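Protein sequences appear in the order of chains A and B. For what it's worth, the numbering used here labels the leading residue of the first sequence as 1, then goes sequentially. For what it's worth, the numbering used here labels the leading residue of the second sequence as 1, then goes sequentially. Ideal Cβ placement from N, Cα and C applies to all residues, glycine included. Bear in mind the structure is a predicted one, so any value in this text is a computation, not a measurement. Working notes, structure below.
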Amino acid sequence: MFIDSGLLLQYVVICLNMAVAFLVLVDNPRNALNRSFFIFTFGAVLWMFCINCAYLGKSFMFFRPALCGTEIMVLGFVLLAEYFPYDVKIDKKKRNDFLLFLIPWLVVFLFTFSRFIIRFLDIDGDGYLDAITGVLFPVRSMVMIWYVAWSFFKFLKKYFKLALCVRIRLLPFVVGTGLFLSVVTVCDFFLFVFYDVHLILISSLFSLIFIGSIAYSIVCHQFMDIRFVIRRGAMYVVAIFIIALAYLNIHFFLQEFLYENDRLAYPVSGVLTTAACIWGFPYLRREFDEATNPFFFRGDYDCFCAIRELGGVIYSTINLNELFRSVGSFLIQTIKLEKAIFFFDDGGVSYFFDVGAQKEVLVDSENNYKEIISAFESLSMKSVFIKELELGARDTQQKRAKQYQSFCSMAKNEGIAAIIPFFLKGRARVILLLGNKKSGWALSKKDKELLWIVSHQAGIAIENAILYDAIQRHAKELEERVYKKTERIKNMHEGQSRFLADVSHEFQTPLSILRGNIECLEKTYNKKGENEFYTIRMTLDRLSRLVGSVLNIAQLNSSKANLEKRRIDVEKLLEESYDDCFVLTKEKGVIISFSSEKCFVFGNTDKLREVLLNLISNALKYTSPGGTILLSGKTIGDEVEISVTDTGSGISRKNLPHIFERFYKIDGNGSSGTGLGLYICRQIIEAHDGTITAESEAERGSCFIIRLPIHVVYKPEKLIMPGLQ
Amino acid sequence: MRILLIEDEKGIADFVLKGLQSERFAVDWANTAEKGLLWAKVNPYDAGIFDIRLSGGQDGLSILKEVRAKGKIFPVIILSVTSDAQTKIDALNLGADDYLTKPFSMAELTARIRALLRREKKITEQILIVGDLSLDTRTHVATRLGRPIVLNRKEFALLEYFMRNPGIVLTRNMILDHVWDMNADPFTNTVDVHIRFLREKIDDGREKKLLKTVHGYGYKLEE
């Protein structure tokens, strides 16, 4: 009875072990650690199963597979130690060494099926099995122990190299391994060697603890959250319960329904339940996940969603503080942090930006952020997670450990859980201080991965923002400089115009005095010096005309010269000009004519008339009797073109480009002009936003073309009122 | 005839005084605005010559404004160095009767003063008559001895100006100012040519020439 109940327990243990092995393998089938664990557990299960079968059937047949199981177990353990703690990558040379190292195991494994290791099995008086060992059994045992001892040593060596926080997580692994190995060594080796096989089954019971703890460690260490495993287990329990309930109900109902053929009820209810399972299981699973999410994964987030969101957040703005605010808020919301503070240091400018408070924090305020930052910079580390650093501090040299510990306590006092620097051009110009999680849990691997991504992605965005800021500052500076310079030039220009105006103004008074006195003299001396007086008077006239012209130019140039403008009918303007000079042209024998479309410009009538008369007088001066002068006005696009064309002597190609320049006089024409006439014309036309150009061919005439913007008055369309017919 | 000259520039005042006195005018010269204003208020003048720019507080235009506000209606000529239209318009709006740009000749000033002093008060008359020449300002038709004379626009304006100032010497600048509304003549001979053409129409073939040349000064229309 004892054996029976013991064996039943063994089977349960076997089943559980196998289930755990599969769970771990399925969790991460590509990881060598998980595979090794599966090999190990498979060996253990094979061993236990065969031992049990051997006891149950009292058969020697199962004993050799049981030994095989132990050897597979050893192999699994060797592999585990090799790949511990986390899928260590093994290069080719190491791999070859490792394969050579496994040759003794292979030899022993092959000899297991021979008589040299176990000859046969005996059953003693109490019904216990008694194995009769072969010649090589001690050798095999020594080899296996050597393997186990070597692996265990290696395993411990690796284990103590690890950081404390990792060791804590792997503690069940070590305890389980140690416990199991000691039990197996005692029960299955020493007692076996001394021919006591009564306790051989106890070791297999310990395998459950061992395998369970290893499984927990592997899953936990890889951050394949143990909560997943628990939830999945719970989920299957619930599923089985529901399926069983469904099956029983269907069966009960069918039995009632088919009370004559109640045998049919079994297969039918089976089929119905299966169908219901196929249809309902995914639904059940989804519902269960959703129902348990708040319990198991409070504060959890989807990594892909978070990354996608991060992308949006980063590209939403190019302003630095805005970027701090958005990235910080994103982290606070996603990881559910208490706070996030950015530290920005740009050589000259440095400040903290508290995301929660949405404002800049003074560097020398009450908190010790500045000290934390300087301590962090002195550590010269990449990102720092305070909890890990605190645990890891014990492993390092004493001096360093002290530094770490003081840094950690300082950070903890301010509620800082992690410090993430954003490296820009190899310098941490932006450092992010993160508070604790609101839940109080430590930052998970997922959180850390997300922070890593953020530090890289946001780093680029922050760099862009800094550059953008610099460019903007620079642009603004340039703009200001240009504005100042323009203003200065404008002022200088203005001053020049004013000076010119003042000077010409002041000239007029002495000129008046001179002229008046010359007249008096002329009267006194009457006809005696007529010629000389005439010359003086003419020169004075010319001088005052020149001064008047300069004054005119100065006024046109001055920004205050807001010419009084109104709508001007071009046709009328041309007609008036024609009237003004008709008699003059007739006198010289030149024919003047004008033709104009009805068009309007916006300008100062006096000034435009001055321009026209100037041009006509020039034309008249250079046109010989019999020639013609044509005034014309027409619309071309959105401009009005006014032209004065003559058939005079024209302007030579050499002179043509310069005629609108100030004081430019065509040499050799002996004119008494000031050389400012056409220059003033250009000034006036330019003050009207127009252009004036000249075309000419020597001896054939010239044509002066003025182009002015057309003035259009938009009149509302005529109202049509049918009722008022 | 008593004339008030307000001018702070001694050089100008000197020759104006000399020139006007030689023409038998009595001239009071005020060299400050205050003095000028006081005199204008208390003395009866027949005409005034105000410089627009005076050193000290007030300028010629504000003096003119106050004088006109006191009800003094004697004709006033404004002297200025700027010839821009706006200043001119301002001055005329404030009640100035003429506007002269520096530098000016004494003859010009004298002619203008005479024109102002002898100006016909009835400027709204529609038919102007000088001797046997008449001009209908509505129809723009002149008749001499009953024979109609067709005038173009400029000729009409020219003749009207002469007929409104019969017997007064009008200088070229005055004519240019009044008929062409210009300060400078780009053609240099606009007035002379027009006078010649007008003369052809009204005087040619007639025994008595109405339009006379005053050598060195200008023209006058006289019976």
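Could you confirm whether any beta carbon from chain B is found closer than 8 angstroms to the beta carbon of residue i?
| i | result |
| --- | --- |
| L613/A | yes |
| G723/A | With a pLDDT of only 47 at G723/A, under 50, the local geometry of the prediction cannot be trusted, and no value is derived from it. |
| I706/A | no |
| T674/A | no |
| G548/A | yes |
| Q358/A | no |
| Q683/A | no |
| T509/A | yes |
| S624/A | no |
| S558/A | no |
| L630/A | no |
| C581/A | yes |
Can you name the residues that DSSP bridges to residue i?
| i | result |
| --- | --- |
| A21/A | According to DSSP, A21/A bridges with nothing at all. |
| A142/B | L135/B, I149/B |
| A418/A | F385/A, L434/A |
| P709/A | E639/A |
| F353/A | F342/A, E360/A |
| I592/A | I629/A |
| E695/A | C703/A |
| L170/B | Y219/B |
| Y99/B | I78/B |
| V130/B | L133/B |
Buried or exposed, going by whether 16 or more other CB atoms sit within 10 Å of the CB of residue i?
| i | result |
| --- | --- |
| L729/A | The structure shown does not extend to residue 729/A, since chain A is modelled only from 1 through 725, so no value can be given for it. |
| D136/B | exposed |
| F160/A | exposed |
| D132/B | exposed |
| S617/A | buried |
| G690/A | buried |
| H215/B | exposed |
| K154/B | buried |
| F223/A | Any reading at F223/A needs caution, since the residue's pLDDT is 43, under 50, leaving its predicted position unreliable; the model's value is listed next. Per the 10 Å Cβ criterion, exposed. |
| P172/A | buried |
| E641/A | buried |
| T535/A | exposed |
Distance cutoff 8 angstroms, beta carbons only. Does residue i sit that close to anything in chain A?
| i | result |
| --- | --- |
| M174/B | no |
| S134/B | no |
| I127/B | no |
| W180/B | yes |
| V16/B | yes |
| P103/B | yes |
| F156/B | no |
| I200/B | A quick correction: the sequence has Glu, not Ile, at residue 200/B. No - not a single Cβ of chain A is within 8 angstroms of the one on E200/B. |
| A111/B | no |
| F197/B | yes |
| N31/B | no |
| V169/B | no |
| R153/B | yes |
Anything in chain A within Cβ reach of residue i, meaning under 9 angstroms, just list it in chain order.
| i | result |
| --- | --- |
| E34/B | Ordered by position in chain A, no residue passes the 9 angstroms Cβ test against E34/B, which lies about 21 angstroms from the chain. |
| A107/B | E519 |
| E223/B | By Cβ distance, chain A contributes nothing, its closest Cβ being about 26 angstroms from E223/B, past 9 angstroms. |
Which bits of chain B does residue i rub up against, with CB to CB less than 9 angstroms?
| i | result |
| --- | --- |
| L584/A | F187, N189, T190, V193, H194 |
| E571/A | Within 9 angstroms Cβ-Cβ: nothing; E571/A doesn't reach chain B, min ~15 angstroms. |
| H505/A | R53, V81, T82 |
Does the ligand MN have even one heavy atom less than 7 angstroms from the beta-carbon of residue i?
| i | result |
| --- | --- |
| E360/A | Among the components of this structure there are no ligands whatsoever, and the ligand MN is therefore not found. |
By the criterion of Cβ-Cβ separation under 8 angstroms, what are the contact partners of residue i in chain A?
| i | result |
| --- | --- |
| D84/B | Q555 |
| G19/B | G516, E519, C520 |
Residue i versus chain B: which residues are under 8 angstroms apart at the beta carbon?
| i | result |
| --- | --- |
| E532/A | What E532/A touches in chain B: nothing, since even the nearest Cβ is about 15 angstroms away. |
Residues of chain B with CB under 7 angstroms from residue i, in chain order?
| i | result |
| --- | --- |
| I513/A | G11, I12, F15 |
| D606/A | A85 |
| S617/A | P186, F187 |
Under 7 angstroms between beta-carbons, which chain A residues line up against residue i? List them in chain order, please.
| i | result |
| --- | --- |
| A184/B | R545, G548 |
Could I get the ranges of all uninterrupted beta strand (DSSP E) runs contained in the stretch 315 to 340 of chain A, with 3 residues as the minimum, in chain order?
Along the length of the stretch 315 to 340 of chain A, whole beta strand (DSSP E) runs at least 3 residues long do not occur.
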